[in-house]
Structures are given as C-alpha cells and as structure tokens.
Amino acid sequence: MSRKYFGTDGIRGQANKFPMTPEVAMKVGMAAGLSFQRGNHRHRVVIGKDTRLSGYMLENAMVSGFCAAGMDVFLLGPIPTPAVAMLVRSLRADLGVMISASHNPYYDNGIKLFGPDGYKLSDDLELRIESLLDKEIEIALADQDSLGRAKRIDGVHDRYIEFAKRTMPRSMSLAGLRVVIDVANGAAYKVAPEALWELGAEVITINNEPNGFNINKECGSTHPAGLAKKVHEVRADIGIALDGDADRMIIVDETGALVDGDQIIALIAESWHQAERLAGGGVVATVMSNLGLERFLSGLGLSLHRTKVGDRYVVEYMRAHGLNVGGEQSGHIVLSDFATTGDGLVSALQVLACMKRSDKPMSELSRKFEPVPQVLKNVRFSGGKPLETAPVKAAIEDARSRLGNTGRLVIRPSGTEPLIRVMAEADDPKLVEKVVNDIVDVISDLRTAA
1 MSRKYFGTDG
11 IRGQANKFPM
21 TPEVAMKVGM
31 AAGLSFQRGN
41 HRHRVVIGKD
51 TRLSGYMLEN
61 AMVSGFCAAG
71 MDVFLLGPIP
81 TPAVAMLVRS
91 LRADLGVMIS
101 ASHNPYYDNG
111 IKLFGPDGYK
121 LSDDLELRIE
131 SLLDKEIEIA
141 LADQDSLGRA
151 KRIDGVHDRY
161 IEFAKRTMPR
171 SMSLAGLRVV
181 IDVANGAAYK
191 VAPEALWELG
201 AEVITINNEP
211 NGFNINKECG
221 STHPAGLAKK
231 VHEVRADIGI
241 ALDGDADRMI
251 IVDETGALVD
261 GDQIIALIAE
271 SWHQAERLAG
281 GGVVATVMSN
291 LGLERFLSGL
301 GLSLHRTKVG
311 DRYVVEYMRA
321 HGLNVGGEQS
331 GHIVLSDFAT
341 TGDGLVSALQ
351 VLACMKRSDK
361 PMSELSRKFE
371 PVPQVLKNVR
381 FSGGKPLETA
391 PVKAAIEDAR
401 SRLGNTGRLV
411 IRPSGTEPLI
421 RVMAEADDPK
431 LVEKVVNDIV
441 DVISDLRTAA
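According to the working numbering, the sequence shown holds residues 1 to 450 in order.
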C-alpha cells in the first residue's frame, strides 16, 4: 500500500496545508485513538509539542479527535520528543504524540506517534492508521457517555530531567565543565539547561527565547556557527546543539570544531566497548554514515550494521539484533539502555561522562577517525520518479563503476522534503565531487525539461 500521509518520521508538511491541516490532525487523533483501544480501562494519550506557532492549532485538533475516540488526553506542553516517549511508559498511556517537524523551519510541522512501549510505530501500524484517515469512521467513535477528557498535567519537566540525570554514572558530577548549549528556541529550552546545571556544570544557554517563529532559525544542530562562536567567546570546554524537538544533537569542541553524529557514535561505542557494556559486538547506523566510521569500528573488532535513513529503522534493527548503540550522522543517537528513541540530552550527557572519565579535552576525544571524503547534495524535485528514468539509471550505473569497491554511492528521495539526496564517498575527493555532480546534473536536466 502506497503512503499518502506518513513518511520516514511520521506525518510532516507545511502548517495549515495538506497534510498538516486541523482536519487531518483531528482524523489522525480519531484513527490512532480507535487503533489503540484495548481492554475496558480508560484509555489515555499523552501529547507533547515543540515551540512552533502552529502547535496550538494542531494540538487542539488532535485533542478533539482523541476525545471523540474515547481517549483521555494528557497535555504536556513544549517538551522534547524523547520525553514524550519516556512519559508514555511512565504514565501508562496507550499512545504518545509529538507535534513537531524536528529540525525544519517554523512554517513546517509534523506528527510523530509512539506506542505504549515508547517506541515509534511500525510501518504496519502506521499503514493501519492511514487506512482509516479517508474513511467515514464516525460509526466507530465513542458514544456520548464515553467521550474523552483533556487536561494539562504538571511536573513532566521534572520527571524528564530526573530521568536524564539518572543516565549518568552514579556520583559523577559535571563540576568544572563550562558548557554552552544551543537549544534552538525549541522544545528543550527549559529542561536541557536545567539538567546540566543540576549535574554541576557551568551552563551558558543560547537561543532559548522561543516566540513561535524562531525555532531552528539560524541556530541549533543544523546551524552550529553561532554555537562555535559562543564557545570561543566564553572559552567553554564544549558546545552542545540540539534541534527543535531535541531528539538529535551535535557537538562543538573547545576549539570551535564541529563533531558530527558519526564521531559521537564512535566515541560512545569505544567507551562502552572498553567498559564491556557494548551489546551485540557492534553498532547500528544508516547508509549515510561515513565509511571512516566503519573502518574505525572494524579496527576495534566491531561491526557496523547499516539501515535505511531514519532513526526508527535504526531502533528496529537494534531491537531485532540485540544492539544498544546506534544513530545517524545527523546527530540522532540511540542508546537503548536508556531510551527508545534518539535523545539529544542523554547522548550529550554520555559525551560529557567520557570527558570527565578521561580528563581529556573534547578536541582530543572527538577525532576518533579521519572521515573518508564524502559529498552530499540535494536536488529539488517535486514531481514524478526521476530515479526510475533511463538517464538517471545510466548515470548511477556509471558512477558505481567509477567508484569501484572502495567507495559508496547512496541516492534516495527525502522522506520529509521534496528532494533527491545524492551522496558519494571514496578516498579520492575529486572523484567523489565529479560523481555527485554528474548525477545531480542529470536529475536537474530532467526537472528543467519537465
């Protein structure tokens, strides 16, 4: 069954335009509410959101849908995505919802769904919900005596802060560390700085004045230049950048150099391996992770298992094969000993623990491997299936031949934007650049002709 609503990370689009309209949000509430009715107890759903203006609109629409389906609604307010996943279990809810478009600009929004176990829904469950969205389901809704109630609940920030703090080694303090954290004017603008301060760090927070429009705007994990500047300015030991819903993060070391998700995975994996804590003899990453990470892990006797892009697929593989460290180059880091999804704050705390344990500066810890030259370019293409055309297929075949067995080529449509992503890597940087440009040119020519 083809997907009309769900992409690689829930439903996403421009706010107040299909599919991110109040009508669709209400129907998602109805369909998801009906799909998770089990037993005779009062069913409940928790709903969190980030700081986008459109969150109010979509939140209220989803409340209506869930109440119509007979579910009680607990409203969490602005809170990180991983906190929603944690609170689904903590509050014994039947379903969790995060209203967010992650690292996208304010004018986008999205809906992420979590099951009662705190994990994102499988493809099958998403398709089941999607199959109900265009049907007349009023006949299955709750009767007048069984409608749901909605209320805002207090104390959820404190619950999440305590949860995050408990992931640190017992009795370890962050005293002596000066930390700059960029909260992207997003969902973690309160909880992340508070957690770091309570653990003993000296905390300098930037981009923590959300106004509905400035989430991710020239800040956060996708725009780290301001963080690097601040780290240099205040002579901090480390900089941490979260994205709008705080399920991903990247690091800036004390020199201002960027540390991406691959290097963070390498650091945590090596640390856990040395502590005999790493499960499954390896880690999980996506097809976009650098070949240098794979070579580094191989040198430790560890394997790198690759999945499709999307932290949901990383988690599914980890669960199926008993691994406890995984993630994406973009900064989604999944540590299944602690969480069921990517958690920017918890991942950052593990990095800080490595710093404290080793008593080394971040710049010394963060360069675990020399990245293989990698080029990623995006081509906007909003119609048709360019990857199935003869010219593009020929260009891809030619590129694979030129890269040979020592390089990699990954071409895929974005699951969240109208883009084709073209990535290649090999030891020869000029070859990588040429290969990617040739494919991009062919796709661009198709777009122009269309």
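Just so it is clear, CB atoms sit at the ideal spot from N, CA and C, and this is done for glycine as well.
Note that the structure is predicted; figures quoted are calculated from it, not measured.
- The stretch 389 to 405 and the stretch 355 to 366 do not touch, with fewer than 3 CB-CB distances between them shorter than 8 Å.
- In the DSSP assignment, VAL392 falls outside any beta strand (DSSP E) and within the unbroken alpha helix (DSSP H) covering 390 to 403.
- Under the three-state reduction of DSSP output, GLY186 falls in the coil class, being neither helix nor strand.
- Under the three-state reduction of DSSP, GLY327 is assigned to strand.
- Around the beta carbon of ILE139, a 10 Å sphere encloses fewer than 16 other beta carbons of the protein chains shown; the residue is thus reported as exposed.
- Under the 8 Å Cβ criterion, the stretch 224 to 237 does not count as touching the stretch 115 to 129, having fewer than three qualifying pairs.
- No residue range can be given for LYS385, since it is assigned to no alpha helix (DSSP H) and is classified by DSSP as neither H nor E.
- Excluding its 5 nearest sequence neighbours in each direction, SER414 has C-beta neighbours in its own chain below 7 Å: ARG421, listed in chain order.
- Taken through DSSP and simplified to helix, strand or coil, VAL287 comes out as coil.
- Taking a C-beta distance under 8 Å as the contact criterion, GLU130 and TYR5 qualify as a contact pair.
- The three-state reading of DSSP puts ALA241 in strand, counting E and B together.
- Annotation for GLY48: LEU76, ILE79, VAL84, MET98 place their beta carbon closer than 6 Å to its own, counting only its chain and skipping 5 residues before and after.
- Between ALA236 and VAL183, the CB-CB gap reaches or exceeds 8 Å.
- The C-beta distance from THR286 to VAL309 rounds to 5 Å, short enough to meet the 8 Å contact threshold.
- For the pair LYS368 and GLY299, the Cα-to-Cα distance works out to about 11 Å.
- Taken through DSSP and simplified to helix, strand or coil, MET168 comes out as coil.
- Around the beta carbon of ARG152, fewer than 16 other beta carbons sit within 10 angstroms, so the residue counts as exposed.
- PHE74 has VAL46, LYS151 as its beta-bridge partners, per DSSP.
- If you check the CB distance, GLY148 and PHE66 come in under 8 Å.
- VAL315 and LEU53 have their C-alpha atoms spaced approximately 30 Å apart.
- Between the alpha carbons of SER366 and SER330 lies a gap of roughly 15 Å.
- With fewer than 16 other Cβ atoms inside 10 Å of its own Cβ, GLU388 counts as exposed.
- When C-alpha distances from GLY220 are compared across ARG408, VAL283, ALA188, ASP262, the shortest belongs to ALA188.
- Across the set LYS112, SER289, GLY344, the C-alpha of LYS112 shows the shortest separation from the C-alpha of GLU59.
- Ranked by how close their Cα comes to the Cα of PHE163, the residues THR340, GLY322, ALA61 have THR340 in first place.
- Taking a contact to require three or more Cβ pairs closer than 8 Å, the stretch 27 to 45 and the stretch 90 to 110 qualify as touching.
- According to DSSP, residue pairing for ASP108 in a beta bridge involves GLN14.
- Counting only the Cα atoms, LYS377 lies some 37 Å from LEU177.
- In chain order, LYS377, VAL379, VAL422 place their CB closer than 6 Å to the CB of VAL440, counting only its own chain and leaving out the 5 sequence neighbours on each side.
- In the DSSP annotation of this structure, ARG52 is not part of any alpha helix (DSSP H), being labelled neither H nor E.
- Contact between ASP108 and ALA25 fails: their C-beta atoms lie close to 14 Å from each other, not under 8 Å.
- Under the criterion of beta carbons closer than 8 Å, SER303 and GLY327 do not qualify as touching, at roughly 15 Å.
- For LYS377, the enclosing beta strand (DSSP E) begins and ends at 374 to 380.
- Taking each of LEU403, ASP427, ARG357 in turn and checking the Cα distance to LEU174, the smallest one comes out for ARG357.
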